[in-house]
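Engineer:
Numbering (our numbering), first residue to last: 18 to 203.
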């Protein structure tokens, strides 16, 4: 598994509190409140710092369980799908699917430079590609980055096939949920 993915997932889980993910993501208002460690779907829809992209209220059978907003040394919004059951000795685990949305100025293909993840042979592990007509790159097999204008969308999943399946379902958060996913230029 990609060490960067493990680190980012561990941070996300620490913020969310590893364990059973809340059954659903509730709209703001009433006594429902926000999912653990984060913001509500309504708050995410009102977010205006950079365009947010997600895969709907569920993807590939995994419900949206948490939305996390990170604002300390890095800025991104993370959509966590599904839950994980950490092995007793591990102390943590990555969710089945995580979608992070970053401002493109903070994370993009050019931001890796000399610090690009390296394969076991020392060559950059970044593999440029195109997904949904957008410039993209694989970072190992479990991370797919899409460079969508003013946002960078990072899909963490167990495989390239699952990452592509999630990418096919991405939509702008403010779009009508009934509309089929179209473009990512929110």
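Even glycine gets a Cβ: it sits at the ideal position worked out from N, Cα and C.
Taking DSSP as the reference, what is the three-state secondary structure of residue 91?
Structural biologist: To locate residue 91, count along the chain shown from 1; it is residue 74. Coil.
Engineer: Go through its chain and collect everything with a Cβ distance to residue 2's Cβ below 7 Å, but skip five positions before and after it.
Structural biologist: Any question about residue 2 goes unanswered here, given that the chain covers just 18 to 203.
Engineer: Can you give the Cα-Cα distance for residue 154 and residue 106, rounded to whole angstroms?
Structural biologist: In the chain shown, the residue the question calls residue 154 occupies position 137. In the chain shown, the residue the question calls residue 106 occupies position 89. Each residue's alpha carbon lies about 33 Å from the other.
Engineer: Starting from residue 60, trace the alpha helix (DSSP H) in both directions and tell me its first and last residue.
Structural biologist: As a working note, residue 60 is residue 43 in the chain shown. First-last of the alpha helix (DSSP H) with residue 60: 58-63.
Engineer: Residue 154 lies in the beta strand (DSSP E); which residues open and close that run?
Structural biologist: By one-based count along the chain shown, residue 154 stands at place 137. Here the beta strand (DSSP E) through residue 154 covers 151-156.
Engineer: Check residue 168 in the structure and name its three-state DSSP category.
Structural biologist: As a working mapping, residue 168 is identified with position 151 in the chain shown. Of the three classes helix, strand and coil, the one that applies to residue 168 here is strand, per DSSP.
Engineer: Would a C-beta distance cut-off of 8 Å place residue 201 and residue 170 closer than the cut-off?
Structural biologist: If you number the chain shown from 1, residue 201 lands on position 184. If you number the chain shown from 1, residue 170 lands on position 153. A contact, by the Cβ cut-off of 8 Å.
Engineer: If I measure Cβ to Cβ from residue 75 and keep anything under 8 Å in the same chain, skipping five residues before and after, which residues do I get?
Structural biologist: The residue you call residue 75 lines up with position 58 of the chain shown. These residues qualify, in order along the chain: 81 and 98.
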